[in-house]
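Below: the structure, in C-alpha cells.
Residue numbers (this note's numbering): 5 to 230.
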C-alpha cells in the first residue's frame with residue numbers, strides 16, 4: 005500500500021514540474037503582447053511622454069495597430085513635396101493623404117486617423133466654428149473639437165523650393181461627447197506631434213509648432229476670422 009501511495013506521490017510531483025516548465029496554460033505567460041506600444045506607432049510620433057499619454061487616454065487603449073495599408077506616410081509626404089515645385093493658388097485643394105491610422109488591438113472601430121494636405125495659407129475662422137472648438141497656440145492655426153482637430157503650420161524651405169502651409173487633420177474615435185474639453189486637448193496634442201514629425205522630415209523652417217501639449221487660448225481672446 006505504501007509503495008502504491010509513493011508511486012502516486014512521485015507521479016504527482018512529476019506532473020507538477022512538467023506543468024510548471026510548460027507555463028501551465030500553453031505558454032501564454034511568456035507570449036509577446038499583440039500590437040504596438042503607443043510610442044512605436046507611425047514612426048514613433050507619439051514617443052514623447054505627454055503624447056504617449058494623450059494617445060492612450062484618447063483611445064482608452066495600451067496596444068495598437070497601424071497597418072501600412074491604412075497608414076501611408078511616404079505617399080503623404082510625397083504630396084507635400086510636390087507642393088514645393090510651384091506657388092500654390094488659394095483654390096488649390098488636393099485630396100488629403102493618410103499619414104497615420106491607429107486602431108486599438110481587437111477593436112478596429114475605435115480608430116484614430118491623421119491626414120496631411122498642402123495649402124497656400126491657413127484659413128480664417130468662421131465665428132460659428134469658433135463656438136464649437138477650442139483654439140490652441142501652435143503653428144499658424146490650431147483648433148479642435150472632441151472628434152476633429154486641425155493644425156496648420158508654415159513650411160519655409162530653401163530656394164528653389166516654394167514655401168507652403170501644411171494642414172494636419174486628426175479624426176478622433178467616434179462617440180466622444182462634444183463637451184469633453186480634455187479630449188480636444190488630447191487630439192490637438194497628437195496632431196501637433198504628427199505635425200512636428202512631418203516638419204522635421206520635410207526640413208521646414210519657422211513652423212512655430214508647440215512642444216509637448218499646446219496651450220489652449222481663452223475663448224475671449226481674438227482669433228483669425230474668415
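We treat Cβ as the ideally placed atom computed from N, Cα and C, and that holds for glycine. Bear in mind the structure is a predicted one, so any value in this text is a computation, not a measurement.
For residue 115, DSSP records a beta bridge to 107.
When the five nearest sequence neighbours on each side are left out, the beta carbons in the same chain lying within less than 8 Å of the beta carbon of residue 85 are those of 206, in order along the chain.
Around the CB of residue 71, fewer than 16 other CB atoms lie within 10 Å, so the residue is classed as exposed. Counting every other CB atom within 10 Å of its CB across the protein chains shown gives residue 89 a total below 16, marking it as exposed. Per DSSP, reduced to three states, the secondary structure at residue 97 is coil, with no helix or strand assignment. Residue 180 carries a coil assignment under DSSP once its states are collapsed to helix, strand and coil. Comparing C-alpha distances from residue 217 to each of 195, 201, 210 and 209 shows the shortest one belongs to 195. In the three-state reduction of the DSSP assignment, residue 75 falls in the coil class.
Look at the beta carbons and you see the region 94 to 113 touching the region 52 to 68: at least three pairs across the two are nearer than 8 Å.
Rounded to the nearest whole angstrom, the CA to CA distance from residue 49 to residue 200 is 8 Å. About 5 Å separates the Cβ atoms of residue 140 and residue 192, confirming a contact at the 8 Å cut-off. Counted as a single uninterrupted DSSP element, the alpha helix (DSSP H) harbouring residue 203 occupies residues 185 to 206. Counting along the chain, the unbroken alpha helix (DSSP H) around residue 60 starts and ends at 53 to 63. Rounded to whole angstroms, the separation of the alpha carbons of residue 149 and residue 51 is 24 Å. Between the beta-carbon of residue 153 and that of residue 180 there is about 12 Å, and that puts the pair past the 8 Å contact cut. Proximity to residue 136 across 127, 184, 87 and 100 peaks at 184, based on C-alpha coordinates.
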